[in-house]
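In what follows, a structure is listed as structure tokens, so that the remarks can point back to it.
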Amino acid sequence: MSALFWRILGINGLIFVIGIAALALTPLTVSSRILLSELAILAVGLAVMVAANALLLRVSLAPLAGLTTLMARMDSLRSGDRLATTPNRDLFRLVDQFNAMLDRLEADRSTSTAVVLDAQEAERRRIAQELHDEIGQSLTVVLLELKSVVSRAPEEVAEDLRGVQETVRSSLDEVRRVAHRLRPGVLDDLGLTSALTSLVGDYSETGGPRVTRRVQTGLEDLGGDAELVIYRIAQEGLTNVWRHSGAKNAELSLTQDEDGRVILRVVDDGSGPPTKTGTGIRGMQERAMLIGAQLTIGSANGGGTEVRLVIPPAGSRRNQHPPENGPPPR
Numbered sequence: 001m002s003a004l005f006w007r008i009l010g011i012n013g014l015i016f017v018i019g020i021a022a023l024a025l026t027p028l029t030v031s032s033r034i035l036l037s038e039l040a041i042l043a044v045g046l047a048v049m050v051a052a053n054a055l056l057l058r059v060s061l062a063p064l065a066g067l068t069t070l071m072a073r074m075d076s077l078r079s080g081d082r083l084a085t086t087p088n089r090d091l092f093r094l095v096d097q098f099n100a101m102l103d104r105l106e107a108d109r110s111t112s113t114a115v116v117l118d119a120q121e122a123e124r125r126r127i128a129q130e131l132h133d134e135i136g137q138s139l140t141v142v143l144l145e146l147k148s149v150v151s152r153a154p155e156e157v158a159e160d161l162r163g164v165q166e167t168v169r170s171s172l173d174e175v176r177r178v179a180h181r182l183r184p185g186v187l188d189d190l191g192l193t194s195a196l197t198s199l200v201g202d203y204s205e206t207g208g209p210r211v212t213r214r215v216q217t218g219l220e221d222l223g224g225d226a227e228l229v230i231y232r233i234a235q236e237g238l239t240n241v242w243r244h245s246g247a248k249n250a251e252l253s254l255t256q257d258e259d260g261r262v263i264l265r266v267v268d269d270g271s272g273p274p275t276k277t278g279t280g281i282r283g284m285q286e287r288a289m290l291i292g293a294q295l296t297i298g299s300a301n302g303g304g305t306e307v308r309l310v311i312p313p314a315g316s317r318r319n320q321h322p323p324e325n326g327p328p329p330r
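Per full-length UniProt numbering, the very first residue in the sequence shown carries number 1; after that it's consecutive.
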């Protein structure tokens, strides 16, 4: 700012010095009753001074306009939005420090979000384990006991007990499905492709939209944290399709382009993108931010909604602050 001050002061002083020199050292004078020619000279001098100041200020303060625009569109969940800096421009230090501040804020938010989501993932894992080991085993014991009782009960009572058996068996299956959604063991054991295939199969069996998949195998440079983010965003996207879209058909695709970017798409033919950002969408945005990915939710071709996640190659990802076990789900 001091450089800008001295430049403005200097150019104004120079113009005044030139004006005084012109009046003192040239035949140009100001009469006691000003002449039109003298008025024209003074007007021209004033116009030159105003124009020079306007040009200097417009050029020098232009970064402030860009800074204001950036601040207006800034989104805490959208990383990498920065103002370009030019070292030979005024205010470049202000712009540079503002960009550095954004870097620090995004890094701090990414780290704190990773810690919170990691705690949620650990809690999911604990609940899934308890559902499987405690509730699941208890229901299994109940089924075995019912089987023993049915074999000894009179026929009129046995029929009712068989109905109870089916209810308990259905509850056991539901407990297993909930535990699987909380912590998909197939992702750890068989990898992302098998986990997405299983996920699509689970939603296809719910009686909702018909879900098709197109998953490329042999994806490179993903890593465990990115795989978990992809899985959770795909899971949340399909959940939204099933709950809110009213769609008849949906598609899940995972591909890698020539530049090494991995692209996840969840597309449906339902009622269109949501008008408000709910907790599910914010959860997806936070998970995407953890691996430096870009998440967009908009209208699909021909109607419906498209959830699109673009994961850059591992070497160019920003704000990667995954927790020890990878970024967890919502």
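Idealized CB from N, CA, C, for every residue including glycine.
According to DSSP, is residue i part of a helix, a strand, or is it coil?
i, result
"alanine 250", "strand"
"glutamine 235", "helix"
"histidine 321", "Low confidence applies to histidine 321: its pLDDT is 45, below 50, so where it sits in the model is not reliable enough to give any reading."
"glutamine 120", "helix"
"aspartate 268", "strand"
"glutamine 129", "helix"
"threonine 68", "helix"
"glutamine 216", "coil"
"arginine 210", "strand"
"isoleucine 263", "strand"
"proline 63", "helix"
"arginine 82", "coil"
"threonine 275", "coil"
"leucine 222", "coil"
"glycine 280", "helix"
"isoleucine 15", "helix"
"glycine 10", "helix"
"asparagine 53", "helix"
"glycine 302", "coil"
"isoleucine 291", "coil"
With the cut-off set at 7 Å, would you say residue i and residue j are in Cβ contact?
i, j, result
"valine 168", "leucine 161", "no"
"arginine 124", "arginine 181", "no"
"leucine 117", "isoleucine 233", "no"
"valine 229", "aspartate 268", "no"
"valine 200", "arginine 213", "yes"
"proline 273", "threonine 305", "yes"
"arginine 243", "proline 312", "no"
"alanine 179", "alanine 128", "yes"
"leucine 64", "leucine 83", "no"
"alanine 247", "glycine 280", "no"
"glycine 136", "valine 175", "yes"
"leucine 187", "tyrosine 231", "yes"
"valine 307", "glycine 208", "no"
"leucine 172", "leucine 139", "yes"
Hey, is residue i close to the ligand MG, as in C-beta under 6 Å from one of its heavy atoms?
i, result
"aspartate 268", "Inclusion of the ligand MG in the displayed structure is not the case, the ligand content being empty and no account of it being possible."
Round the Cβ separation of residue i and residue j to the nearest angstrom and send it over; I've been treating them as touching at under 8 Å.
i, j, result
"glutamine 294", "threonine 255", "With a Cβ gap of about 15 Å, glutamine 294 and threonine 255 do not count as contacting."
"alanine 114", "leucine 290", "6 Å"
"alanine 52", "isoleucine 15", "7 Å"
"valine 95", "leucine 61", "With 8 Å as the limit, valine 95 and leucine 61 do not qualify as a contact, their Cβ atoms being about 12 Å apart."
"leucine 192", "glutamate 227", "4 Å"
"isoleucine 11", "leucine 46", "No, isoleucine 11 and leucine 46 are not in contact; Cβ-Cβ is about 14 Å, not under 8 Å."
"valine 266", "alanine 250", "7 Å"
Name the DSSP bridge partner or partners of residue i?
i, result
"threonine 296", "Arg308"
"threonine 255", "Ile263"
Kindly provide the ranges of any alpha helix (DSSP H) runs that are 4 or more residues long and lie completely inside the region 141-206, ordered along the chain. 155-182, 185-190, 192-204
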